[in-house]
Structures are given as C-alpha cells and as structure tokens.
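Structure record follows, encoded as structure tokens.
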Amino acid sequence: MLKTLGLMKYSLKSPNLTAQRNIHYGICIRLWSKMFIEESRMNEETSFFEKTLLDEDNRVYVEKWSLSSQELRVGRGWRIEKRRLYGGLSDGVDLITLDNGELSLAIVPTRGMSIWKGMYKSMFLGWNSPIKNPVHPRHINLEAMGGTGLLEGFNEMIVRCGLSSLGAPATDVIIDNMGRKKEIMLTLHGKIANIPASLVNVRVGLEPPFPLEVEGVVYERSMFGPNLKLSSIIRTIPGSNLFTICDVIENLSGSSSDMQILYHCNYGSPILEGGSRFIAPIEKVVPRDSVAAKEVENFDVYGPPQSGFIEHVYFMKMLSDDDGNTTVLLTNKDMDKAVSISYSVNELPCFTLWKNTSSLEDGYVTGLEPGTSFPNVKPFERRHGRVISLNPGEKFIFRVTVSAHLGKDNVRKILSRVEAIRRGRHPEIFRAPLKEFSPI
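Residue 293 in the working numbering sits at position 311 of the sequence shown, and the numbers go up by one each step.
Next up, the structure:
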C-alpha cells in the first residue's frame, strides 16, 4: 500500500494521526494517482539506459565508471561519473557526479544518498564546513559527544535526518524482545545519513527530455528494532536549473514502526551573506528558545559571519497553493543569486529555519529544513502527534525539488511564485516559544 503523508492533512499538534490517516484513505489514493500520473506516463513511454554500480545482494561493485551525452548520443552536455575516494577519512567513500550541463551534483551513496555539494553555472551550492571532505561512516560514532557524533561528518548540502528518529539527542523508551520497557539513546538526527547504500543504479532516458537519474536503496534495520527501507531517486534533465529528490520509505517489519524524516538543506556563501533574506509564504513563525526569541523580528534576515554566534532556530508552518505545494527561497543581498525549495506541505508539514551565521572557519551556514516533524527530542514530538507510525508493509513517498537561480530576472520569477502562494497574507509571528512547538 503506497501512500503519501501529504494526502492526509493533519494538525501540527494533533495526537491522533493514525485515525486521520484512515479517515482520509480514499482521498489519499485519488490524490496520489493524480500526483504521479505524469511520472507514470513518462516511465511507461520512455526507454532508459540503465547501469548498476552497486548491488550488495548480487555482489556487484563498479569502482570507476562514466558516461556522457557524446558516448550515448542522447541529449546534450550531460555527464555522469562514479569514482571511489582514497586516503584519510574519505577512504572508501563512493562519489557520483551528476552533471546535466548546467547543474552538477556530488551524490554520496556511502552516506545515505546525501548530496555533498553542487554547482549551477558559476554559482556554488552548499557550504564550507570545517569537515572538508566526505567522511566514511565507519569513522563516525553517533553516540560520541553526548549523542552528537553526526557532526563529525556533517558537511553536506542536503542530508536526510531520520528515519526512525531525528532531532536532538534524547532517551526514549521501547518494548524490548523480552516484553519489558527499555531505555535507549537516540542520537542527533538519527542514523540514515551514516548508512551506506546497498543498491545504486544510474538511468538515462533515451527520449526527450532525456531524464538523468541516480537511484539508491538504503536500509535502516536492526534485530528487535526498526526495519525501514529508503528508496531514493535523484533526478534532473539536461540543461535544467533544478533537481528533484523522490524518496519512498517502507516499513519492512511485521509490526508497526515509528518514522520521521527531515531534509536538512544547507547553504553558505555566495548565496548566504550579510543582508541575505529568507523569503517564504509563512503562516506562523515560532522561536525555538529564548535566544531565537530575542531576534524574532529579524528571523528572515541574515547577518555577516560572527565569531561565537549562537544558533537561532525558528519553527514554521507554511502556506500553500490549492494542491498543497509551497516554495521557500534563500536569496543573497543583491537578489541576483538564490536557491529555492519546493515541496508539499501535506507530505512535509513542519518547516525549520536554522541560522548559524558563525565565522567562516567554524561554518557560516543556514539550514532550510522541511520535515514531517520539528527537530525536537522524539518523545516531545510523539506527544504532539508528529511522529508517524508506519503499518507493516506501508510506504510513504516524499518529493523535494531544489532550484538554483542566477540573475535578477530569474530571482524575480521565483519570488512571484512565492507571492502567488502568499496572496498578500502576512505571517503570525510569536515573540516567545510555544509549548506545542518547543519543549524549551
């Protein structure tokens, strides 16, 4: 049974998500069918070249490989290359460069199908982390530093948080294999970003618009624990300024399982600078804590790099169009460079803005983070109905589209999209944390 979370609108603070999911089941199927009819037709009508680069079950591993439009003689200007990194903490990391001729992405199957960085024409996409290169998960102890060990490899442009938990480190209570209550440690943002893919395929459409796809399958599983499967496709077309991440999360267990996901989309210079702005069709803004509350009037404006800066985090609910789709935008001071993220608020109803305008050396970065929940401790999110319970065999699908914009005319075009969703409405700005949104 394949459903999208978005096909059943639920309150950000409703404790009865399962009941609402059942009530809206019929609506779910109809909306899902409409949403994916175009993609289904493309897959039925388009022939694909396909190459398997990694298949753990069948002992397939290709260390080095490349393919271009000239070699395949379809489309123009694109190239896909796979290589393995050697030396240091990157030793053994697989890296796939997906280049459509205008936009290139560095995809890391070894790190949960994260996207390390990108480039659109002359504009860098990503940020400059103190961790300069991809770190192999074998060097990451997630429980280090009080459960924040993920930070020792944190340098991606887009990293998933989840799948069975996300948010700040916490203690949770489960029922163990003996039927007894047991306390377990939940580490920062979960495990998925530090689990290597078990299957990686590359596909190229042989007919217009010649879609370019990298597919990866990642399992988060344990004996007497969760058994979740992430099937991800990262797709673009030659000459495009955008790419789409299409993820399916499936519960392979014979019992129900918790599920959370958040897309941590991170950007620094040149888009982020003093005077940069976050622009979005916001319904409400809530500061996470007292530190963020002091600057809530300027939540959408960024300062220059500042040594010793303490992060500001804001929780938001976004407005959407009639189909539940929304777009958020980060633009530089002159509004001639921008990146936008489009997604469904029905699939990803919670949005978090992370502002970390620290020194350049320490990581000058902001995170635009649509998710199924806010990145609070999991027990708090569960109490407020924002942790999904997946039935056995149940699947959820999520889509996130990221677009790069260069030049004032192109930035104005995406701004008009945001304004069309906003329809003149102004956000409700709360001056202090709310107990429904934050435990602090």
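For every residue, glycine included, the Cβ atom is placed at its ideal position computed from N, Cα and C.
| field | Cβ separation of L145 and E202, assumed to be a contact under 8 Å, to the nearest whole Å | value | Beta-carbon to beta-carbon, L145 and E202 are separated by about 5 Å, close enough to satisfy the 8 Å threshold.
| request: Please determine, among L244, E232 and E255, the residue with the shortest C-alpha to C-alpha distance to N314. | output: Nearest of L244, E232 and E255 to N314, Cα basis: E255.
| If N248 sits next to E138, beta carbons under 8 Å apart, how far is it from one beta carbon to the other, in whole angstroms? | That pair is a contact at about 7 Å.
| message | Rounded to the nearest angstrom, what separates A175 and L210 at their Cα positions? | response | Looking at the two C-alpha atoms, the distance is approximately 14 Å.
| query | Which residues mark the beginning and the end of the alpha helix (DSSP H) in which K360 is found? | reply | Per DSSP, K360 is one residue of the alpha helix (DSSP H) stretching across K360 to R365.
| field | Beta-carbon spacing of L85, N223 below 8 Å | value | A contact, by the Cβ cut-off of 8 Å.
| What does H387 pair with, by DSSP beta-bridge criteria? | In the DSSP output, where bridge partners are listed per residue, H387 has A320.
| message | What does the Cβ neighbour count give for P252, buried or exposed, with the cut at 16 atoms within 10 Å? | response | The residue is exposed, with fewer than 16 neighbouring Cβ atoms inside 10 Å.
| query | Which of the three DSSP states, helix, strand or coil, is assigned to L13? | reply | Confidence at L13 is low in this model, with a pLDDT of 38, below 50, so the placement of that residue should be treated as unreliable; the coordinate-derived value is given next. If DSSP states are grouped into helix, strand and coil, L13 belongs with the helices.
| E279 - containing alpha helix (DSSP H), residue span | In the DSSP assignment, E279 falls outside any alpha helix (DSSP H), carrying neither H nor E.
| request: Report yes if the C-beta distance between L301 and P263 is below 8 Å; otherwise report no. | output: Taking a C-beta distance under 8 Å as the contact criterion, L301 and P263 qualify as a contact pair.
| query | Whole-angstrom Cβ separation of P423 and V278, contact assumed at under 8 Å? | reply | In the structure as shown, the chain begins at -17 and stops at 422. Residue 423 is therefore absent and cannot be evaluated.
| query | Can you tell me the Cα-Cα spacing of A88 and V182, whole angstroms? | reply | So the alpha carbons of these two residues sit roughly 14 Å apart.
| How would you label G94, buried or exposed, when you count the other beta carbons within 10 angstroms and need 16 or more for buried? | Around the C-beta of G94, 16 or more other C-beta atoms lie within 10 Å, and the residue is accordingly described as buried.
| message | Can you look up E351 in the DSSP assignment and give me helix, strand or coil? | response | Here E351 sits in strand by DSSP.
| message | Below 8 Å on the Cβ atoms is my contact criterion, and I expect R393 with D318 to pass it. Report the Cβ-Cβ distance as a whole number of Å. | response | A quick correction: the sequence has Val, not Arg, at residue 393. With a Cβ gap of about 6 Å, V393 and D318 count as contacting.
| query | In the structure shown, what three-state DSSP assignment does E265 receive? | reply | DSSP, read as helix, strand or coil, puts E265 in strand.
| said: Please report the distance separating the alpha-carbon of I122 from that of P415. | reply: Taking the straight line from one Cα to the other gives about 33 Å.
| field | Reference V267, options E363, I219, Q288 and H294, closest by Cα | value | For the residues E363, I219, Q288 and H294, the minimum Cα distance to V267 belongs to H294.
| Distance CB(P331)-CB(G149) smaller than 8 Å | No.
| request: Helix, strand or coil for I78, going by three-state DSSP, please let me know. | output: I78 falls in the strand class under three-state DSSP.
| field | G256, DSSP secondary structure in three states | value | Reduced to three states, the DSSP call for G256 is coil.
| query | Out of curiosity, what's the CA-to-CA distance linking E363 and R407? | reply | Near 28 Å, if we compare the C-alpha coordinates of R407 and E363.
| message | Using a 10 Å radius around the Cβ and a threshold of 16 neighbouring Cβ atoms, would you call G135 buried or exposed? | response | Taking all protein chains in view, the Cβ of G135 is crowded by 16 or more other Cβ atoms within 10 Å, so the residue is classified as buried.
| query | Can you find a heavy atom of the ligand ATP that lies under 7 Å from the Cβ of R185? | reply | No copy of the ligand ATP occurs in the structure displayed, which carries no ligand at all.
| request: Measure the alpha-carbon distance for G172 versus C143 and round it to whole angstroms. | output: Approximately 6 Å between the Cα atoms of the pair.
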